[in-house]
Amino acid sequence: MTTTRYLVIGARGHAQEVAWSLDEQATRENRRCEFMFFDDGVPAGALPSGLGAVVGPLAALPEHVRHGDDRLVLGIGLPQIKAKVVTRLALLGVPWSTVIHPAASIGRNVSIGEGSYVGPGALLTVNVRVGRFTTINSHCQVAHDDVLGDFVTLHPDVHLSGNVSVGDGAELGAGSIVIPGVTVGAWAVLGAGTVAVRPVRAERTYVGVPARELILTEDDAR
Ligand SMILES: CC(C)(COP(=O)(O)OP(=O)(O)OC[C@H]1O[C@@H](n2cnc3c(N)ncnc32)[C@H](O)[C@@H]1OP(=O)(O)O)[C@@H](O)C(=O)NCCC(=O)NCCS
0 MTTTRYLVIG ARGHAQEVAW SLDEQATREN RRCEFMFFDD GVPAGALPSG LGAVVGPLAA
60 LPEHVRHGDD RLVLGIGLPQ IKAKVVTRLA LLGVPWSTVI HPAASIGRNV SIGEGSYVGP
120 GALLTVNVRV GRFTTINSHC QVAHDDVLGD FVTLHPDVHL SGNVSVGDGA ELGAGSIVIP
180 GVTVGAWAVL GAGTVAVRPV RAERTYVGVP ARELILTEDD AR
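FYI, the numbering for the sequence shown is 0 to 221, going by numbering that gives the first Met the number 0.
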């Protein structure tokens, strides 16, 4: 039996969920895998999930890469950090894994870009386009003809109706809902539980039902 070695970027809870998803996938396919975690903020040592150990910070990654059989795994949930890390690691030339938990449902004519993640219980129905390094957490619903850009993050239980478009780097909080045909602009943020019924402007934060823009005061920005 072959063993695939995954170099996981990030080691916090989300990273361990992504590794668990890969482990479930491998078990069903009768494959073995092992994980090495790299994180600038988590001390080296074994992780509580038992999935592997933190080897060191991202700077330690190059000395552990064995070209050919290694795969990078993005274990980070926040769009801006995902984008920075992917740019930083591009020179390594190691391919990124696309991770789909076996308990996710993927319908017909659905494309999912490199480095993206689909968690357990997520449902992507038909004619869906998902960009690169996009995160679709557990129990999200992505309906027909939705288009998600690169570096998007849907936190758990987000529901996108049909014909929704989500721009690059947008972050949709847990349990948020977007009604049919609405566009969410690039790098926008929807707070947890928000219901977007009108277009969401790029790089703005919205909360509430229906969604209203959160205006940050100068004090907030400091
Ligand atoms: C929207 C969000 C990004 C705002 O964060 P922030 O800029 O730190 O804002 P604050 O916490 O200072 O809150 C600012 C105001 O918005 C309100 N607010 C914050 N989040 C809200 C939400 N989800 N729904 C309704 N109101 C919200 C606060 O009550 C506060 O109101 P006030 O000024 O009247 O007291 C954040 O609260 C949020 O919901 N993030 C989603 C996180 C998530 O889903 N993570 C999933 C992890 S699995």
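All residues carry an ideal CB built from backbone N, CA and C; glycine is no exception. Since the structure is predicted, the reported quantities are computational estimates derived from the model, not experimental observations.
key: L46 beta carbon less than 9 angstroms from that of F36   = By one-based count along the sequence shown, residue 36 stands at place 37. By one-based count along the sequence shown, residue 46 stands at place 47. Against a cut-off of 9 angstroms, the Cβ pair of L46 and F36 comes out as a contact.
inquiry  = Threshold first: 3 residues or longer. Then list the beta strand (DSSP E) segments lying entirely within the segment 14-95, N to C.
reply    = 31-37, 51-55 and 69-73
query = Looking at L159 and ligand 1, is the gap between the Cβ and the nearest heavy atom below 8 angstroms?
reply = Residue numbering aside, residue 159 sits at position 160 when the sequence shown is read from its first letter. Not under cutoff, so the answer is no.
key: Burial state of S110, where buried means 16 or more other Cβ atoms lie within 10 Å   = Residue 110 sits at position 111 when you count from the first residue of the sequence shown. So S110 counts as exposed.
ask   = Using the beta-carbon count (16 or more within 10 Å), is H63 buried or exposed?
value = Your numbering for residue 63 matches position 64 in the sequence shown. It counts as exposed.
query = Between the C-alpha atoms of A210 and T134, what's the straight-line distance to the nearest angstrom?
reply = Here residue 210 refers to the residue found at position 211 when the sequence shown is read from its first residue. Here residue 134 refers to the residue found at position 135 when the sequence shown is read from its first residue. Their backbone Cα atoms lie some 22 angstroms apart in a straight line.
key: Residues near G190 by beta carbon distance below 6 angstroms, same chain, minus five either side   = Counting from 1 along the sequence shown, the entry for residue 190 is found at position 191. Closer than 6 angstroms at Cβ, skipping near neighbours: G172 and V206.
inquiry  = Across the segment 24-33 and the segment 95-111, are there enough close Cβ pairs to call them in contact, namely three or more that are closer than 8 angstroms?
reply    = yes
ask   = Could you give the distance in angstroms between the alpha-carbon of Y5 and the alpha-carbon of C32?
value = For the purposes of this step, residue 5 is taken as residue 6 along the sequence shown, with counting starting at 1. For the purposes of this step, residue 32 is taken as residue 33 along the sequence shown, with counting starting at 1. Taking the straight line from one Cα to the other gives about 7 angstroms.
task = Using alpha carbons as the reference points, say which of G51, I75 and A52 lies closest to H13.
result = Position 14 of the sequence shown, counted from the first residue, corresponds to residue 13. Ranking G51, I75 and A52 by Cα distance to H13 puts I75 first.
Rounded separation between A187 and R128 - CA only = Taking the sequence shown and counting its residues from 1, the one referred to as residue 187 is at position 188. Taking the sequence shown and counting its residues from 1, the one referred to as residue 128 is at position 129. In a straight line, the C-alpha of A187 is about 19 angstroms away from that of R128.
query = So does L215 have its beta carbon nearer than 8 angstroms to some heavy atom of ligand 1?
reply = The sequence position of residue 215 within the sequence shown is 216, counting from 1. Yes, the beta carbon of L215 sits closer than 8 angstroms to at least one heavy atom of ligand 1.
message = Between H100 and ligand 1, is there a pair consisting of the residue's CB and a ligand heavy atom that are separated by less than 8 angstroms?
response = Along the sequence shown, one-based indexing puts residue 100 at 101. Checking every heavy atom of ligand 1 against the Cβ of H100, none is found closer than 8 angstroms.
request  = With a threshold of 8 angstroms, establish whether the CB of A25 neighbours any heavy atom of ligand 2.
outcome  = You won't find ligand 2 in this model; what it holds is ligand 1.
A169 versus A82 - alpha carbon distance = On the sequence shown, residue 169 is found 170 positions in, with the first residue counted as 1. On the sequence shown, residue 82 is found 83 positions in, with the first residue counted as 1. Going by the C-alpha atoms only, they are around 12 angstroms apart.
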